[in-house]
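A.B. asks:
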């Protein structure tokens with residue numbers, strides 16, 4: 006009987022581990038030289054674009070292959086480095102329960118250039134560490150030093166922009182994100198951050214364009230749809246904003262801010278019951294939000310217009 010219980014326990018553990026693996030993602034890939042020959046010992050740094058503390062390091066095997074499991078869904082910078090070769094930074098999206106596959110080619114570097122780039126990468130990693138420690142001013146200074154040695158890496162400018170964002174320096178963050186986008190125009194995370202930086206500065210038409218580009222690249226981020234909706238409201242495009250907020254709650258049904266925005270938009274369209282439902286949901290999800298008082302006042306007014314409502 007005891008043996009049976011142990012086996013049952015192992016089965017439960019196996020099932021739990023299997024379920025855990027299904028909510029995580031994986032990056033795997035192969036690194037070669039320009040002639041297609043596998044490169045062993047390539048350092049692969051995998052850094053979350055949302056949280057610098059989420060940082061993984063791997064090395065390629067004799068076949069030039071690497072695997073990193075246990076990744077939360079989202080976007081990552083993947084940096085490939087090997088002595089004697091030019092480093093490469095890739096932006097990749099990791100999804101739940103499936104592998105993201107990369108094929109990377111590295112090119113030879115001249116000795117002097119290699120030394121300079123190596124120092125820049127060291128500074129970049131140091132900057133990430135400082136950022137993770139909430140030392141944003143020091144991190145920004147470190148990223149600037151890295152850029153002075155190598156101004157061709159979009160990740161350096163992007164992380165510098167994140168530092169300025171944390172320090173509340175919107176104009177500086179905008180400048181850094183613009184430079185990052187020049188080097189990597191089809192980046193989801195850069196277009197997303199540019200849209201936010203522009204919106205904070207009241208530059209809504211340009212913010213709209215970058216949010217649209219971000220949504221072309223990725224339709225799975227509720228924050229982008231929400232922020233896009235706010236920009237559309239400021240541009241007077243209420244119907245498009247409504248669709249953006251509806252998409253937000255489709256992706257994340259417990260997104261209180263989106264329900265608040267939907268409630269106010271439905272009022273403008275005289276859709277009383279929809280407005281009541283949205284504002285009630287907002288209060289349910291965020292009972293301590295400072296806008297609850299306003300939402301309650303709106304509900305009291307709406308219920309007078311719709312006696313059949315609860």
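Residue numbers (our numbering): 6 to 315.
By construction, the Cβ of each residue, glycine as well, lies at the ideal position given by its N, Cα and C atoms.
Using DSSP bridges, identify the partner residues of residue 234.
C.D. replies: According to DSSP, residue 234 bridges with nothing at all.
A.B. asks: Let me know the secondary structure DSSP gives residue 200 once reduced to three states.
C.D. replies: In the structure shown, residue 200 falls within a helical segment according to DSSP collapsed to helix, strand and coil.
A.B. asks: Mind checking whether the beta-carbon of residue 112 lies closer than 7 Å to any heavy atom of the ligand GDP?
C.D. replies: In the structure on display, the ligand GDP does not appear, and there are no ligands present to speak of.
A.B. asks: For residue 268, is the classification buried or exposed, using 16 other Cβ atoms within 10 angstroms of its Cβ as the cut-off for buried?
C.D. replies: buried
A.B. asks: Buried or exposed: residue 72, going by 16 or more other Cβ atoms within 10 Å of its Cβ?
C.D. replies: exposed
A.B. asks: From residue 69 to residue 76, what does the alpha carbon distance come to, in whole angstroms?
C.D. replies: Linking residue 69 to residue 76 through their CA atoms gives a straight-line distance of about 21 Å.
A.B. asks: Whole-angstrom Cβ separation of residue 46 and residue 64, contact assumed at under 8 Å?
C.D. replies: 6 Å
A.B. asks: Taking C-alpha atoms, which residue in 60, 36, 282 lies nearest to residue 1?
C.D. replies: Residue coverage of the chain in this structure runs from 6 to 315, which leaves residue 1 outside it and unanswerable.
A.B. asks: Could you spell out the range, first to last residue, of the alpha helix (DSSP H) harbouring residue 253?
C.D. replies: 243-256
A.B. asks: To which residues of the same chain is residue 298 closer than 7 Å at the C-beta, ignoring the five residues directly before and after it?
C.D. replies: Closer than 7 Å at the Cβ level, and outside the excluded window around residue 298, lies no residue.
A.B. asks: Note down, in chain order, each residue of its chain lying with its Cβ closer than 6 Å to the Cβ of residue 319, except the 5 sequence neighbours on either side.
C.D. replies: The requested residue 319 is not part of the displayed model; the chain covers only 6 to 315.
A.B. asks: Am I right that residue 39 and residue 110 are in contact with their C-beta atoms under 8 Å? What's the rounded C-beta distance?
C.D. replies: 6 Å
A.B. asks: Can you check whether the CB of residue 281 is closer than 8 Å to the CB of residue 309?
C.D. replies: no
A.B. asks: From residue 30 to residue 167, what does the alpha carbon distance come to, in whole angstroms?
C.D. replies: 24 Å
A.B. asks: Could you tell me if residue 226 is buried or exposed, where buried requires 16 or more neighbouring beta carbons within 10 angstroms of its beta carbon?
C.D. replies: buried
A.B. asks: What do you reckon, are the CB atoms on residue 290 and residue 300 nearer than 8 Å?
C.D. replies: The answer is no: Cβ separation not under 8 Å.
A.B. asks: Check each candidate in 55, 287, 158 and name the one with the smallest Cα separation from residue 258.
C.D. replies: 287
A.B. asks: Where do the N-terminal and C-terminal ends of the alpha helix (DSSP H) with residue 270 fall, by residue?
C.D. replies: 261-273
A.B. asks: With 16 other CB atoms within 10 Å as the buried threshold, where does residue 156 fall?
C.D. replies: exposed
A.B. asks: Between the alpha carbons of residue 211 and residue 217, how many angstroms are there, rounded?
C.D. replies: 10 Å
A.B. asks: Of all the beta strand (DSSP E) runs that stay within the bounds of the region 33-64, which reach a length of 3 or more residues?
C.D. replies: 48-53, 60-64
A.B. asks: Please go through the same chain and pick out, in chain order, the residues whose beta-carbon is closer than 6 Å to the beta-carbon of residue 74, but skip the five residues on each side of it.
C.D. replies: 31
A.B. asks: Skipping 5 residues on each side, what residues in its chain have a beta carbon closer than 6 Å to that of residue 95?
C.D. replies: Hits under 6 Å: 83.
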